[in-house]
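Engineer:
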Amino acid sequence: MAFDGLITRLNMLFSEMENQPQDAHELLFQIHAELEQMRAEGLPLPQDLVDLERRLEEEFAARGMERPAG
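Per our numbering: the sequence shown ends with 899, consecutive numbering throughout.
#1: Determine the contact status of Leu885 and Leu839, defining contact as a CB-CB distance below 8 Å.
#2: Starting from Leu857, follow the alpha helix (DSSP H) in both directions and report where the run begins and ends.
#3: So, Phe863 versus Leu881, is the Cβ gap smaller than 8 Å?
#4: Do Leu842 and Gln859 have their beta-carbon atoms positioned less than 8 Å apart in this structure?
#5: At the level of alpha carbons, what is the spacing between Ser844 and Ala853?
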């Protein structure tokens, strides 16, 4: 199912980035891309991912960093 694929991709992404905090831009980009794909398919959005995306965007804004393109 779509959620199984999403969970698998996100788990892989989190595993790869666990010790690489400099990749926060990539994490935000991937979360944004997954949520956009789910929106396009008319799927319900996992609230925890929506919240994580918002928190990362707020952190970037607080640090004066640009949001990654995507």
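We put the CB at the ideal spot given by N, CA and C, even for glycine. The structure displayed is predicted, hence computed values, not measured ones.
Structural biologist: According to the structure shown:
#1: No, these two residues do not count as a Cβ contact at 8 Å.
#2: Leu857 -> alpha helix (DSSP H) spans 853-869.
#3: The sequence given here places Glu at residue 863; Phe does not occur at that position. No. Outside cutoff.
#4: Yes.
#5: About 13 Å.
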